[in-house]
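Step one of this worksheet: look at the structure below.
In my numbering, the protein residues as written are 241 to 511.
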């Protein structure tokens, strides 16, 4: 019997045992305690990981709520149903979630705008915007190449006649399209609001007239028609204050350009 081999095996085994015990001890001492509330919150979240709550994903939001750093009604996808469940887990009251939808502030379709050139590049709005601002002469108009369509995780956006439109029944107000639009044309608007301005052009009306039949010319007739002080011309285009708007439609009826979306004219509540 070779005692040297046996001794070597014993030494190696002993060292392994010591290291194993040290690792087990370290794992016990430095173990990260599971946040039970965060796990419960994560289980009721929709799992979209869209970032609409302001966090990187559902897991990060769940931890933030559990640590008191985020509101229980921060998930726009889950809306009130999820907010109530999270509130029950945290033992607090949940404020009502105002349901919103993305809306495209542009109505300049193919038949209404003037084009500077025929774009034949990459079918992507961000790429087109880098090339002389895009093909449309209106520097603030929708490029209509569907970048927002591709980034929407809910299939809520499509392009019709050169302008992006949102299906509000599918929209979850995640905000991804808002972040990605190179023209900053998409805004979150309360679903209860039936009117919105289909123009974001900051140029004076005499210039808008030259290249868009559906652009706001800043005439302020909508301001004068509104009995609730809910609409004003800011930066040469009309802007609605939804905290004041009563959905009366007076501004839309008075607009000479049809720039303000009116469900009574279109027959639908969303574009």
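We treat Cβ as the ideally placed atom computed from N, Cα and C, and that holds for glycine.
Look at residue 383 here: in three-state DSSP terms it is coil, with no helix or strand label.
Rounded to the nearest angstrom, the gap between the Cα atoms of residue 406 and residue 320 is 22 Å.
For residue 322, the enclosing alpha helix (DSSP H) covers residues 319-330.
Residue range 403-406 is occupied by the beta strand (DSSP E) that includes residue 404.
For residue 503, the secondary structure class from DSSP, reduced to helix, strand or coil, is helix. In this chain, residue 356 is not harboured by any alpha helix (DSSP H), its DSSP state being neither H nor E.
Residues of the same chain with a CB within less than 7 Å of the CB of residue 346, apart from the 5 flanking positions on each side, are 381, 382, 403, 425, 438, 439, 440 in chain order. Pairing residue 414 with residue 288 gives a Cβ-Cβ distance under 8 Å. DSSP places residue 298 inside the alpha helix (DSSP H), whose first and last residues are 298-306. If you draw a 10 Å sphere on the C-beta of residue 351, you find fewer than 16 other C-beta atoms in it, and that means exposed.
Counting along the chain, residue 398 sits inside no alpha helix (DSSP H); it lies in the beta strand (DSSP E) bounded by residues 397-400.
Distance check between residue 306 and each of 422, 462, 260, 332 places 332 closest, using alpha-carbon atoms only. Our two residues, residue 432 and residue 486, have alpha carbons roughly 10 Å apart in a direct line.
Residue state for residue 278 is assigned as helix, using DSSP reduced to three classes. Nearest C-alpha to residue 290 among 281, 300, 283: 300. Per DSSP, residue 497 lies in no beta strand (DSSP E) segment and is marked neither H nor E. Annotated three-state conformation of residue 337 is coil, per DSSP. Between residue 401 and residue 387 the beta-carbon gap is near 17 Å, outside 8 Å, which marks them as no contact. Nearest in C-alpha terms to residue 408, of all of 391, 445, 342, is 342. For residue 465, the enclosing alpha helix (DSSP H) starts and ends at 461-465.
Residue environment for residue 292: buried (at least 16 other C-beta atoms within 10 angstroms of its C-beta).
For residue 471, DSSP records a beta bridge to 480. Classified as buried, residue 313 has 16 or more neighbouring CB atoms from the shown chains inside 10 Å of its CB. For residue 277, same chain residues with a beta-carbon under 7 Å away, outside a window of 5 residues either side, are 306, 329, 330 in chain order. With fewer than 16 neighbouring CB atoms inside 10 Å of its own CB, residue 484 falls in the exposed class. Between residue 501 and residue 436, the C-beta spacing is below 8 Å. Cβ-Cβ distances below 6 Å link residue 465 to 490, 491, 494 in the same chain, with the five nearest sequence neighbours on each side left out; the list follows chain order.
At least 8 Å separates the beta-carbon of residue 318 from that of residue 454. Contact between the stretch 355-371 and the stretch 469-476 is absent: fewer than three C-beta pairs spanning the two stretches fall below 8 Å.
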